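Chains as they are written, first to last, in the working numbering: chain A, 1 to 202; chain B, 1 to 202.
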């Protein structure tokens, strides 16, 4: 009879997976290393996940719900003007990258470039979360447009996607150069231009 | 006595590495698979490269000299106006991604997100090539500025870097979604906006 799932073990596996995958990528990390880091027997992994691919999909969810969602609260805090929230969101992400020496990149971006056709479930989860992220930023942009702070005519979810894509490219370059320069030019030049403003007066 | 290096074997190793790394990433591909694909004995690998990391750096050079440089000739063909060349360059890259079903991403971007501090030499090579790419596009933008076609005040190599970063993010999203949508919005919206134009009249 299979033992009942232990939520604490599941959480430890997910935390271990998140840390190891973020530092070294999916392919470089084996299941034994994940269970060792989590402090559980290797065999117990398969009580929780059918496959590494299934686990990767769960790590993506875990990253979104435990890490990104906290920061995305900045986007929905209506006590601040929408563009101020948007800038605060990306400034906070930039600080986190700075704390890691710009060395790890964005987990979602890293996964995006490592997942192949063999990882159907995980890739679909990633696509859903990218869409969700675009929608969150898009809602913030729609509020900014209603106040006249954004004049660009592009549909706001599309505009949000372009902003996220510029951001992910900046994170990538920052990782190659171990530098904040791409982050700063995203915040001071790319973001305002994509929004159709010479600069963001927030 | 070590056998003299055979340029054909070296070329076959590099071609095999390029194809395999592009399809599945660096970490997922072992040296035996590379030598098998190249049709050479595994031991011969080490007559050419001290380590996998050294080989990865050589594959980056090979990619630049055999693939990207051909396309970058589009950027330096002074028979066309500079912004027309820039758009043609990214349109050509988009066509290549389309031919691969948007499934593989950009080799440079993939490497950027897979290389860690353990890959110092390869990461430095990647940084150099990204700088070189920025300089090529920057030179094209400087010509566009001299003719009044670009009005954005940002220094042209910086502007080129932002364009490349937006492009790399679009390639990443296109890979997640297996879609040309991010490529099209890069060409029709992000690129003109980053250049400070409502649209590119080229």
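Cβ coordinates follow ideal geometry from the N, Cα and C atoms, glycine included. These numbers come from a predicted model, not from an experiment.
query: Label residue 147 of chain A either buried or exposed according to how many other C-beta atoms from any shown protein chain fall within 10 Å of its C-beta, with 16 as the threshold for buried.; result: exposed
query: When you check each C-beta in the segment 97-114 of chain A against every C-beta of chain B, which residues fall closer than 7 angstroms?; result: 103, 105, 109, 110, 112, 113 and 114
query: Using only alpha-carbon positions, find the residue among B:88, B:101 and B:36 that is nearest to residue 75 of chain B.; result: B:88
query: I'd like the span of the alpha helix (DSSP H) that includes residue 9 of chain B, first residue to last.; result: 7-24
query: Grab the span of the alpha helix (DSSP H) containing residue 146 of chain A for me, first residue to last.; result: 120-146
query: Could you tell me whether the segment 121-139 of chain B touches the segment 176-195 of chain B, where touching means 3 or more Cβ pairs closer than 8 angstroms?; result: no
query: Taking 7 angstroms as the threshold (beta carbon to beta carbon), is residue 177 of chain A in contact with chain B?; result: yes
query: Please confirm if residue 9 of chain B has its CB atom under 7 angstroms from at least one CB of chain A.; result: no
query: I want to verify the contact list: residues of chain A whose CB lies under 9 angstroms from the CB of residue 82 of chain B, in sequence order.; result: Chain A residues near residue 82 of chain B: none, gap ~19 angstroms exceeds 9 angstroms.
query: Alpha carbon to alpha carbon, how far is residue 155 of chain B from residue 84 of chain B?; result: 20 angstroms
query: Indicate whether at least one CB of chain B lies closer than 7 angstroms to the CB of residue 24 of chain A.; result: yes
query: Starting from the C-beta of residue 21 of chain B, find all residues in its chain whose C-beta is less than 8 angstroms away, skip the five residues before and the five after it, and write them out in chain order.; result: 29, 56, 59, 107, 110 and 111
query: Ordered along the chain, which non-local residues of its own chain (more than five positions away) have a Cβ less than 7 angstroms from that of residue 49 of chain A?; result: 55 and 58
query: Would you kindly report the start and end of the unbroken alpha helix (DSSP H) that includes residue 30 of chain A?; result: Careful: residue 30 of chain A lies outside any alpha helix (DSSP H) and carries neither H nor E.
query: At the level of alpha carbons, what is the spacing between residue 27 of chain A and residue 144 of chain B?; result: 43 angstroms
query: List, in chain order, every chain B residue whose beta-carbon is nearer than 9 angstroms to that of residue 116 of chain A.; result: 23, 24, 25, 28, 103 and 104
query: What number of angstroms, rounded off, separates the C-alpha of residue 51 of chain A from the C-alpha of residue 41 of chain B?; result: 33 angstroms
query: For residue 127 of chain A, go through chain B and note every residue whose CB falls closer than 8 angstroms to its CB, in chain order.; result: 176 and 177
query: Drop a sphere of 10 angstroms on the beta-carbon of residue 46 of chain B, count the other beta-carbons inside from all chains shown, and report buried for 16 or more, exposed for fewer.; result: exposed
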